[in-house]
Structures are given as structure tokens and as C-alpha cells.
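Asker: Add 1127 to the 1-based position in the sequence shown for this note's numbering, that's all there is to it.
The C-beta atom is built at its ideal place from N, Cα and C for all residues, glycine as well.
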Amino acid sequence: MKEKYYITTAIAYTSRKPHIGNTYEIVLTDAIARYKRQRGYDVFFLTGTDEHGQKIGEAAAEAGITPQQYVDNVAGEIKTIWDLMGASYDHFIRTTDDYHVKSVQKIFNKLYEQGDIYKGEYEGWYCVPCESFFTKTQLVDGCCPDCGREVKTTKEEAYFFKMSKYQDRLMQYIEDNPDFIQPESRKKEMVNNFLKPGLQDLCVSRTSFDWGIPVTFDDGHVIYVWIDALSNYITALGYEPDAQGELYKKYWPADVHIIGKDILRFHTIYWPIMLMALGEPLPKQIFGHPWLLAGVDKISKSRGNAIYADDLVNLFGVDAVRYYLLCEMPYAQDGTISYENIISRYNTDLANVLGNLVNRTVAMQQKYFGGVIQAPVAGDFDEELQACALETAKLCAEKMDGFKTAEALAEIMNLARRSNKYIDETLPWALAKDESQKARLGGVLYNLLESIRFLAVLLSPFMPETAEAMFKQIGTTEDSFDSLASFGGMKPGASVGTPEPLFARLDEKKLLEEIAKMQPAAPKQEEKKEEVKESAAISIEDFAKLDLKVGLVVASERVEGADKLLVSQIKIGDEVRQIVSGIAKAYSPEELVGKKVVVLTNLKPVKLRGVLSEGMILAAADKKGLTLLTVDQDMPEGTPIS
Ligand code: ME8
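1) How close, in whole Å, do the beta carbons of Pro1619 and Gln1501 come, if the pair is a contact with beta carbons under 8 angstroms?
2) Run the CB neighbour count on Ser1622, radius 10 Å, all protein chains shown included, and call it buried at 16 or more, exposed below.
3) For Met1100, I'd like the list of residues in its chain whose CB is within less than 6 angstroms of its CB, leaving aside the five on either flank, ordered along the chain.
4) What residue does the beta strand (DSSP E) around Cys1172 start on, and which one ends it?
5) Give the range of the beta strand (DSSP E) segment to which Ser1695 is assigned.
6) Is Gly1339 near ligand 1, in the sense that its beta carbon is under 7 angstroms from a heavy atom of that ligand?
7) Taking the C-alpha atoms as reference points, what is the distance between Gly1203 and Ile1220?
8) Using the three-state DSSP reduction, which class does Glu1552 fall into: helix, strand or coil?
9) Between Ile1153 and Ala1190, which are expected to be in contact by the criterion C-beta below 8 angstroms, what is the C-beta distance as a whole number of angstroms?
10) Applying the 10 Å Cβ sphere with the 16-neighbour rule, what's the burial state of Lys1282?
11) With distances taken from CA atoms, which of Arg1685, Ala1566, Leu1419 and Glu1311 is nearest Ser1715?
12) If you draw a straight line from the alpha carbon of Lys1144 to that of Ser1610, how long is it in whole angstroms?
13) Go ahead and pull the three-state DSSP assignment for Lys1144.
14) If we count the other Cβ atoms within 10 Å of its Cβ and call it buried at 16 or more, is Lys1698 buried or exposed?
15) Let me check one thing: in DSSP terms, what residues is Gly1678 bridge-paired to?
16) So, helix, strand or coil for Pro1650, using DSSP?
17) At the level of alpha carbons, what is the spacing between Thr1593 and His1179?
18) Closer than 8 angstroms by C-beta to Glu1635: which residues in its own chain qualify, once you throw out the five before and the five after it? Chain order, please.
19) With DSSP as the reference, label Met1456 as helix, strand or coil.
20) Terminal residues of the continuous beta strand (DSSP E) containing Gln1705?
21) If you drop the 5 nearest sequence neighbours on each side, which residues of the same chain put their C-beta closer than 7 angstroms to that of Thr1343?
22) Classify Gln1600 as helix, strand or coil using the three-state DSSP reduction.
23) Report the three-state DSSP secondary structure of Gln1265 (helix, strand or coil).
24) Over what stretch of residues does the alpha helix (DSSP H) that includes Thr1136 continue unbroken?
25) Identify every run of the alpha helix (DSSP H) within the segment 1239-1311, keeping only runs that are complete inside it and at least 4 residues long; order them along the chain.
26) Decide if Gly1569 is buried, meaning its Cβ has at least 16 other Cβ atoms within 10 Å, or exposed.
27) So, for Glu1367: in the same chain, excluding its five sequence neighbours on each side, which residues have a beta-carbon less than 6 angstroms away from its beta-carbon?
28) Under 7 angstroms: does the beta carbon of Asn1359 sit that close to some heavy atom of ligand 1?
29) Compare the C-alpha of Val1278 against each of Pro1399, Val1170, Cys1254 and Gly1325 and name the closest.
30) With C-beta atoms as the reference, is Ala1516 less than 8 angstroms away from Leu1477?
31) Using a Cβ distance threshold of 8 angstroms, determine whether the segment 1729-1749 contacts the segment 1700-1714, with at least three qualifying pairs required.
32) Excluding the 5 residues preceding and the 5 following Ala1404 in the sequence, name in chain order all residues of the same chain whose CB lies nearer than 7 angstroms to its CB.
33) So which of Ala1186, Glu1741 and Leu1512 has the shortest CA-CA distance to Gln1696?
34) One question on the structure: do Met1743 and Leu1753 come within less than 8 angstroms of each other, judged by their Cβ atoms?
35) Mind checking Met1645: buried by the 16 CB within 10 Å criterion, or exposed?
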């Protein structure tokens, strides 16, 4: 019987379309799942969406639709992107699914009945974007320790989970299972920063909003979104405290939860404690992968640097995007993404090294032997090529067992380079000129085809479509990992297919120009002045086009080399916008922080002195000075102005 392997991703928030950073996780997990299937495991691969919480409730209210309509739209968008990326998941869970809701309610009830959850009063700080509670000492400069944004104070009746009761058992478990938290560096962070200082009881219900799973025995309380979300890993398998489904019995405990480094605390502390309280086994491993950054910045829509998977797939094709993500992200450190890097990787690795190797080899097989694969005939340089292929398969397996996809791909590309070098060494076109070398020429091409077969088998978890095309071109269906135990899987007498370029070289300059056109362009200074001059009386409909809102300045600094400009981060409802304004002569950055200002939010984004600005702060100005518009009485940021 096959050994089981249960692998999961984090479930994505349905607050917005996922950017390429979120998409990295599904691609990484998919590559591991495909590799495990290839190694003969009975894999269950789970992904899905996290659909409750205040953030989503607020986003729906802003969009003027119900939360359910909102999450239906975004969950659809997320699934479409996961499918576009070729994710081979076995189940897609939504936390609004009926079976999940019912099971979470039963879990909560059980924990309450056995006394692990009790009723008390919550007073503290809450970060809406992170859906997390903090005590005063946990705040950093008064802001959320995770994302640095503003936190709200709250006081309300709430249910609490006795985390501290399980603290020692968890410490012991982490000690006894040294591979539980990966990478190693992250384990230290969890133990030293969270476990050792002592766990506080966790607030696990809310009454201040209602977009959540109701507590069945206390109206007005909804279950804390992380209790709801973490449970997905077992509810998806049909778990209920009193009746555990077949899938649960077969696949639980998870072999690995693949998640981002920012949510490690929830997975290595809250989740194991929940399972201990339920009396269930703990997952075998939690892998907190690093983040994908745009240069040195976090990827985010409000920073204007969000890159989306569907745009990249349109430009480069799905496998090239998968390849880039998996080879560019190191194991423990953050990786970066830029169009320039993608184009460069595409042209060097995929077009020049891999594509060229396959194309040349298949074309020569057609030209010299009418496509018919010849018997191997030994000669110089063969041993080195064969040893490299066998060693690559071994190394690749080791790297993949440790989730080191970038290192595995580096080994694979090394074999592709070694194979191209073999062509330069054996000079098939010279052998073709000498009739007495015909058999050796057949042997050389045999070795190249076999080497390409190794590459196709090893690449298939990373680039499934490309691997398929490679098998077709070299005329084999022998795609098992086990066949890589020896060099000689190609069948003499069979025929190769038609040579077709796998990756056509990209014209970097032309493509970058096209990409620049896709980005929001900055209007020229002169054009802006013209617009002002031409202004005339407007109708109320014209005025209604302006989306004015109250904004809170949360940070501000001078724009380098521009003495009039300040670049400020303005919180408007749930999002933080960056706005550049010509107010540096009237306000210092320090004076600005904490002010409530009036913001025109639907102004076309522009770049001023190379800095992205996504809106305008309104001010009254004449030759003598400038003063900012503000609201007479305090109003929450995000309040619309009409
Ligand atoms: O955290 N690079 O959802 P989410 C790499 N709903 N990974 C990134 C990333 C980046 N730039 N940005 C985000 C949640 N991620 C919760 C999870 S699980 C029970 C609940 C990762 O949509 C992030 O670390 O904000 C997380 O693992 C995943 O994308 C989904 O993030």
C-alpha cells in the first residue's frame, strides 16, 4: 500500500485578489505535492480560502455588497489563479462551506464544555488587517508588532482559550521533534519570543462585528477568525469532535503545513495547542517559507508594486512563471521579483540552455536518422555525462525532500548545461560527415535523448507542461522517477517527435517597453497645468466623481532631492495609501503624523520625482502660505466626504 502524504497551504484571505507573493505559496506546495506523487506517495493536497473576519466585512461594506457576495467573488478569483498556475490540489476548502462552519462550532463547543474555553472580558488592542489581539507591551511604538499599522483599543465580553495550560507540553513537543518547525532559524524565533516569555490566554470570540461563525450558545459572539481558519486543515478531511471521517483517519496528521513566515506563530503555537486540547495528533512539520519582495519592498497594492500571476502568465506562460518563482526563492531568505529578472532567467536558463538543448538534439535525430532512435554505442565523454545525470537525480531528491526547490532546480540546470557541453565535446555534425562514425553518432544522440529524459522527469513537478512537451519531442512515455536509477530508459527503434522550440527568446527591450505601458503613467507637468486652467462650472454629477475621504497620516518623510515634497502614508479605512504632496515648506513630517486630512482618493496614480503618489491631500493655499483641510469634529479615517 502507498504511504500517505498530507500537504496543505495557508488558506488565502478573500479580502483582495492574491498577488504574486501569495501565488508563490501555491506553486511551491504544488511542486512538492507533484514530486511526492512522483515518488509513489498517496498525496492529499489541500488549499482554499479564509473568508471570515472584520477586514472582509469592512471590504464588503465599502464595495456595497453583502460579505457573502464579496467572498464568493474573491474566492472565485483566487481559485481561477490557482488553476491557471496548474495547482493540482485535491480539495479546495472555503471557510464559509457548511461542513466547515458546523465542525468549527462543534470544536468550539467541545473546548468550552471541557473548560479550555471560558467567558471573561477582553480589554486590549486589535489590529484589523492582521485580525490579531495584542497587549500593550506587545505593541511596537504603539503599533501592530506584525505589520506596523495602527491598532484599535477594544473592551468587550469575550471567550478565552487557556493557552498557558498547554505551554509546557508544547515546549516539550518542540524539543522532542527537532524538525517540527522549519527552517531552524524560525524555530528559535518562536521559542524565544513567544513560548519562553509565557503564553497569555487567547481571546477567541468577538462581538464587535458579525461576519464570522456564530458561537452556538451565546448570541452576538462570533468565533475568532484564526480558530476558524486553522481548523480547516482537519474539517476539510471530515473531522468532527464526535465523528471522524474516512479521509481524516487516513490522512491526519498532516505531513507538512506550508505557510508564510508571518503566520508561523499561529501555526506553531495556537494550532498545536488547539489539537492537544482536542486530543488529536499534531502535524509533523510546519514550513514557514520566506517572502517574495519587489526589490526591498513588501508587495502590496497600496504601494503600487503589486504584480499579479495572471499578468505574468500572459507575458511569459505558466511554466516560465512557475520556474522563476521556484528557482528565485531561497530556502530561508526572502527572494525578489522584477520583470528584468524574469526576462533574464527566461532567456538564459529556459531559452538558451534547456530549449536549445532539446531543439538541437531532436532536430539532429530527425536530420541524421529520420527520427529513429539508435542503440547506445559507448565513446569518449559518455561516462561523465551519465554520472552527472545519475548524480543529479539523487541530489534533486535530497533537495526536494527538504523543500529546497531553488537548489533542486540549480542541479537540474547544471545537467542541462552539462548536456550542451557534451554536444560541444562530441561534435555530432562532424561525426555525421564520416560514414564510419554513423553508429557512434547514433550513440551520442542516444545519450543526449536519455539525458533530456532525465531532465523531463526531474522538471515535471516544477514545469509540468514543459516536461510533457519534452517527453513528446523525444518520443518516450517513460516518466517514472524510479527509471532514473539507471541511464538507459530510451528505447532504440522508437521515433522522436517534431522539434518545436520550448521557449522562444524574448526581446528584452521591446517587452520592457510593453510592460511600462501597462503601468499607470504619470501625466506631464504641462498637461496638469492645462487641466487647471480649463476648469469651469461643474455639475453635481461631476462633483460626485470625486472620491473624497478622511485620512489619517500614519507616517511621513521628505522626498530626497525635492525641498517642497513630502511622501506620506495615509490610512483610509482598511488601506494605507502613499501620497506625495508639495507641502514641505508649510509642514514638517513630524507635524503631519497623526493629523486627519481630506484626501482625494480616486486621482490617477502618478510618480513625482520617481515616487509613486496615489491620491491628493487637500489644502488651502495662496502666495503667503498653505494650510491643510481637515474635519471639524473627529471622524474615523475612511469616512466619505460629500
Ligand atoms: O495569512 N511572499 O492569508 P493571506 C510570499 N488567511 N508569501 C506571501 C507573501 C509574499 N510577499 N505575502 C503573503 C493569511 N504570503 C491567512 C492564513 S491559514 C489557516 C490562514 C503568504 O492571504 C502568507 O504568508 O494574507 C500566507 O502563508 C499566504 O500567503 C496567504 O496569505
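Answerer: So, from the data block:
1) As a position in the sequence shown, residue 1619 is number 492, starting the count at 1. As a position in the sequence shown, residue 1501 is number 374, starting the count at 1. Confirmed, Cβ separation roughly 6 angstroms.
2) Locating residue 1622 in the sequence shown gives position 495, where the first residue counts as 1. By the neighbour-count rule (16 or more Cβ atoms within 10 Å), Ser1622 is not buried but exposed.
3) One cannot answer for residue 1100 here, as it falls past the ends of the chain, which runs 1128 to 1769.
4) The residue you call residue 1172 lines up with position 45 of the sequence shown. The question names Cys, yet the displayed sequence has Phe at residue 1172. Phe1172 -> beta strand (DSSP E) spans Asp1169 to Asp1177.
5) For the purposes of this step, residue 1695 is identified with residue 568 of the sequence shown, where counting begins at 1. Start and end: Leu1693 to Ile1699.
6) Numbered from its first residue, the sequence shown carries residue 1339 at position 212. For ligand 1, not one heavy atom lies less than 7 angstroms from the Cβ of Gly1339.
7) As a first step, residue 1203 is located in the sequence shown; it is residue number 76 there, counting from the start. As a first step, residue 1220 is located in the sequence shown; it is residue number 93 there, counting from the start. Taking the straight line from one Cα to the other gives about 12 angstroms.
8) Taking the sequence shown and counting its residues from 1, one reaches residue 1552 at position 425. Helix at Glu1552.
9) Numbered from 1 along the sequence shown, position 26 holds the residue referred to as residue 1153. Numbered from 1 along the sequence shown, position 63 holds the residue referred to as residue 1190. So it is not a contact: roughly 25 angstroms between Cβ atoms.
10) For the purposes of this step, residue 1282 is taken as residue 155 along the sequence shown, with counting starting at 1. Exposed, since its Cβ has fewer than 16 Cβ neighbours within 10 Å.
11) Locating residue 1715 in the sequence shown gives position 588, counting from the first residue. Considering only alpha carbons, the answer is Arg1685.
12) As a working note, residue 1144 is residue 17 in the sequence shown. As a working note, residue 1610 is residue 483 in the sequence shown. Spanning the two alpha carbons is a distance of roughly 41 angstroms.
13) Within the sequence shown, numbered from 1, the residue matching residue 1144 stands at position 17. Reduced to three states, the DSSP call for Lys1144 is coil.
14) Walking along the sequence shown from the start, residue 1698 turns up at place 571. Buried is the call here.
15) Reading the sequence shown from its first residue, position 551 is the one you call residue 1678. Per DSSP, Val1724.
16) Counting from 1 along the sequence shown, the entry for residue 1650 is found at position 523. At Pro1650, the pLDDT of 35 sits below 50, so the modelled position is not reliable and the matter cannot be decided from this model.
17) As a first step, residue 1593 must be located in the sequence shown, where it is residue number 466. As a first step, residue 1179 must be located in the sequence shown, where it is residue number 52. The straight-line gap from Cα to Cα measures roughly 38 angstroms.
18) Along the sequence shown, one-based indexing puts residue 1635 at 508. So the list reads Glu1467, Ile1470, Ser1471 and Asn1474, once near-sequence residues are dropped.
19) Within the sequence shown, numbered from 1, the residue matching residue 1456 stands at position 329. Looking at Met1456 - three-state DSSP - the assignment turns out to be coil, as it is neither helix nor strand.
20) Position 578 of the sequence shown, counting from 1, holds the residue named residue 1705. Start and end: Glu1702 to Ser1708.
21) Here residue 1343 refers to the residue found at position 216 of the sequence shown. So the list reads Gln1232 and Asn1236, once near-sequence residues are dropped.
22) Here residue 1600 refers to the residue found at position 473 of the sequence shown. Residue state, collapsed to three classes: helix.
23) Here residue 1265 refers to the residue found at position 138 when the sequence shown is read from its first residue. Of the three classes helix, strand and coil, the one that applies to Gln1265 here is helix, per DSSP.
24) As a working note, residue 1136 is residue 9 in the sequence shown. First-last for Thr1136: Lys1131 to Thr1136, but that is the beta strand (DSSP E), not the alpha helix (DSSP H).
25) 1294-1303
26) Within the sequence shown, numbered from 1, the residue matching residue 1569 stands at position 442. Buried, because 16 or more other Cβ atoms sit within 10 Å of the Cβ of Gly1569.
27) The residue given as residue 1367 occupies position 240 in the sequence shown. Closer than 6 angstroms at Cβ, skipping near neighbours: Ser1230 and Lys1233.
28) Along the sequence shown, one-based indexing puts residue 1359 at 232. Yes, the Cβ of Asn1359 comes within 7 angstroms of a heavy atom of ligand 1.
29) Sequence index remark: in the sequence shown, residue 1278 carries index 151 (1-based). Cα-wise, what sits closest to Val1278 is Cys1254.
30) Here the question's residue 1516 lines up with position 389 in the sequence shown. Here the question's residue 1477 lines up with position 350 in the sequence shown. No, Cβ-Cβ distance for Ala1516 and Leu1477 is not below 8 angstroms.
31) yes
32) Stepping through the sequence shown from its first residue, residue 1404 is reached at position 277. Correct list, in chain order: Leu1238, Asp1243 and Tyr1293.
33) Residue mapping note: residue 1696 aligns to position 569 of the sequence shown, counting from 1. Of Ala1186, Glu1741 and Leu1512, the residue nearest in Cα terms is Glu1741.
34) Working through the sequence shown from its first residue, we reach residue 1743 at position 616. Working through the sequence shown from its first residue, we reach residue 1753 at position 626. No, these two residues do not count as a Cβ contact at 8 angstroms.
35) Here residue 1645 refers to the residue found at position 518 of the sequence shown. When all chains shown are included, Met1645 counts as exposed.
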